[in-house]
Amino acid sequence: MKRVVKLLSVAMAAILCVSVAGCGDKSDSKLTKLKVCEVTHSLFYAPQYAAMSEGFFAEEGLDIELSNGGGADKVMAAVLTGDMDIGLAGPEASIYVYNEGRSNSPKVFAQLTKRDGSLLISRNPVDNFSWDDLKGKTVIPGRKGGVPYMTLEYVIKQNGLDPATDMTLDDSIQFDLMAGAFTSGTADYVTLFEPTASMIIQEGRGYLATSIGAESGEIPYTAYFANQDYINDKADIIQKFTNAIAKGQKWVAEHSAAEIAESIVDQFPDSDMDTLTAAIQSYKDIDAWNATPVMTEEAFNRLEDVIIEAGELSGKVEFSAIVDNSFAEKAAQ
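For the sequence shown, the residue numbers in mature numbering (1 follows the signal peptide of the UniProt record, and there is no 0) are -23 to -1, 1 to 310.
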């Protein structure tokens, strides 16, 4: 595969990891600053934002500098070059790098979400959506080889269609430009995360077809990773970070969508409370978030099945080669 070549070709994309928010706590020189790059800025990562706004990172002595990478390849590039300490993206990025034999290969140490968080948005009004509706249509699914693309492809096949012949999956559009391309007239369908999906629906520029996550079942969709030497050298920092994520996951599980929206509203200044609350509730309804940061081997194997089915992986990689659960297990106790 040419995954690492592609990743390194966008290594300079690390500088494009645009800062989207501080840690939500008052600046304190006693806190250790930690640079985290997320694949996109979405309500899908509500437990992370709750950990920021509720002060869980500060409790662990951390000050999070959060950036938006705009795609898993760019997040991985930022981590590989050392411009970011921790990345949040699909675990497939770590599998691809490991398979290229790169030294200091990044390892996943905490899982955040356990389902696809994207919604399938149609250009035209939808009544009783059927996957057969995609026949002859063009869909913007994200980058080929990325979890959003592969999960959609997997669901399409599960519903008796051939994504290669029954429709066109247009993977030419950069992840963070998908919404703009769709609203500008490209394609018949697009997969989008919240709150972008709800905003487009409210503006009348798209219509909800279905939730990909509700269709796909559980899969380790997004997780945190860092270079192996960083994990070795900064084990205490990784543990503190994972502890805060575990607290965020627990807090979100125990609070209502309205309470979560109120807590993290500063992360989404362009969205109103009603939109945020409804979008968060949709994620609660599909049980989108992991209860703890621990990734199970069963879930990891299911992800590899999806990647193999997509033709992006020839054989399975050992769970222990990609995932280090020691921090998550301790945080979950």
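Built from N, CA and C at the ideal position, the CB exists for glycine as well.
Relative to the C-alpha of A238, which candidate in I150, W228, E231, M250 has its C-alpha closest?
Your numbering for residue 238 matches position 261 in the sequence shown. Out of I150, W228, E231, M250, M250 has the C-alpha closest to the C-alpha of A238.
Here's the rule: buried if 16 or more other CB atoms are within 10 angstroms of the residue's CB, otherwise exposed. What is S107?
Taking the first residue of the sequence shown as position 1, residue 107 is located at position 130. Exposed, by the Cβ-count rule.
Can you look up D40 in the DSSP assignment and give me helix, strand or coil?
Position 63 of the sequence shown, counting from 1, holds the residue named residue 40. Strand.
Quick check on T160: does DSSP put it in helix, strand or coil?
Translated into the one-based positions of the sequence shown, residue 160 becomes position 183. It is helical.
Thinking C-alpha only, which one of T9, T145, G190, S303 is nearest D110?
Position 133 of the sequence shown, counted from the first residue, corresponds to residue 110. Ranking the options by Cα distance to D110, first place goes to T145.
Per DSSP, what kind of secondary structure is G1 in: helix, strand or coil?
Taking the first residue of the sequence shown as 1, we reach residue 1 at position 24. Residue confidence is low: G1 scores 46 on pLDDT, short of 50, so the model does not pin down where it sits. Its coordinate-derived value is still stated next. In the structure shown, G1 sits in coil (DSSP, three-state: anything other than H, G, I, E or B).
Smallest Cα separation from E295: which of E69, A28, K134?
On the sequence shown, residue 295 is found 318 positions in, with the first residue counted as 1. Cα-wise, what sits closest to E295 is E69.
Between the C-alpha atoms of Y207 and D62, what's the straight-line distance to the nearest angstrom?
Here residue 207 refers to the residue found at position 230 when the sequence shown is read from its first residue. Here residue 62 refers to the residue found at position 85 when the sequence shown is read from its first residue. Each residue's Cα considered, the two are about 8 angstroms apart.
Between the Cα of F218 and the Cα atoms of G48, L154, K307, L185, which residue gives the shortest distance?
Within the sequence shown, residue 218 is the residue found at index 241, counting from 1. Nearest C-alpha to F218: K307.
Would you decide whether N112 is buried or exposed? Buried here means 16 or more other CB atoms lie within 10 Å of its CB.
As a working mapping, residue 112 is identified with position 135 in the sequence shown. Looking at the sequence provided, one finds Lys at residue 112 rather than Asn. Counting Cβ neighbours within 10 Å, K112 comes out exposed, since fewer than 16 surround it.
How many angstroms separate the CA atom of A(-3) from the CA atom of R279?
As a position in the sequence shown, residue -3 is number 21, starting the count at 1. As a position in the sequence shown, residue 279 is number 302, starting the count at 1. With a pLDDT of 49 at A(-3), under the threshold of 50, the predicted position of this residue should be treated as unreliable, and no value is reported.
Go through its chain and collect everything with a Cβ distance to Y126's Cβ below 8 angstroms, but skip five positions before and after it.
On the sequence shown, position 149 is the one that residue 126 refers to. For Y126, where only same-chain residues beyond five positions count, the Cβ hits under 8 angstroms are P118, G119, R120, L146, D148, A287.
Can we say the segment 227 to 236 touches the segment 44 to 51, given the rule of at least three CB pairs closer than 8 angstroms?
Touching, no.
What residue does the alpha helix (DSSP H) around T219 start on, and which one ends it?
Numbered from its first residue, the sequence shown carries residue 219 at position 242. Run containing T219: 212 to 231, per the alpha helix (DSSP H) assignment.
Within 10 angstroms of its Cβ, does S95 collect 16 or more other Cβ (buried), or is it exposed?
Taking the sequence shown and counting its residues from 1, one reaches residue 95 at position 118. The residue is buried, with at least 16 neighbouring Cβ atoms inside 10 Å.
Short of 7 angstroms in beta carbon distance, which residues of its chain neighbour F21, apart from the five on each side in sequence? Order them along the chain.
The residue you call residue 21 lines up with position 44 of the sequence shown. The residues are T90, G94, F170, E171, Y260, A265.
So, are the CB atoms of N267 and Q226 less than 8 angstroms apart?
Along the sequence shown, read from residue 1 onward, the residue named residue 267 stands at position 290. Along the sequence shown, read from residue 1 onward, the residue named residue 226 stands at position 249. It is a contact, given that the beta carbons lie within the stated cut-off.
Quick check on N209: buried or exposed, where buried means 16 or more other Cβ atoms within 10 Å of its Cβ?
In the sequence shown, the residue the question calls residue 209 occupies position 232. Per the 10 Å Cβ criterion, exposed.
Does DSSP put L129 in a helix, in a strand, or in coil?
By 1-based counting over the sequence shown, the position of residue 129 is 152. Three-state DSSP puts L129 in a helix.
So, using beta-carbon positions, are I150 and A141 closer together than 8 angstroms?
Within the sequence shown, the letter at position 173 stands for residue 150. Within the sequence shown, the letter at position 164 stands for residue 141. No, the Cβ-Cβ distance between I150 and A141 is not below 8 angstroms.
Between the alpha carbons of S30 and V124, how many angstroms are there, rounded?
Position 53 of the sequence shown, counted from the first residue, corresponds to residue 30. Position 147 of the sequence shown, counted from the first residue, corresponds to residue 124. Using only the alpha carbons, I get a separation of about 28 angstroms.
Are three or more beta carbon pairs between the segment 70 to 78 and the segment 177 to 191 nearer than 8 angstroms?
Taking 8 angstroms as the limit for Cβ pairs, the verdict is that the segment 177 to 191 does not touch the segment 70 to 78.
Quick check on DSSP: helix, strand or coil for S107?
Reading the sequence shown from its first residue, position 130 is the one you call residue 107. Of the three classes helix, strand and coil, the one that applies to S107 here is coil, per DSSP.
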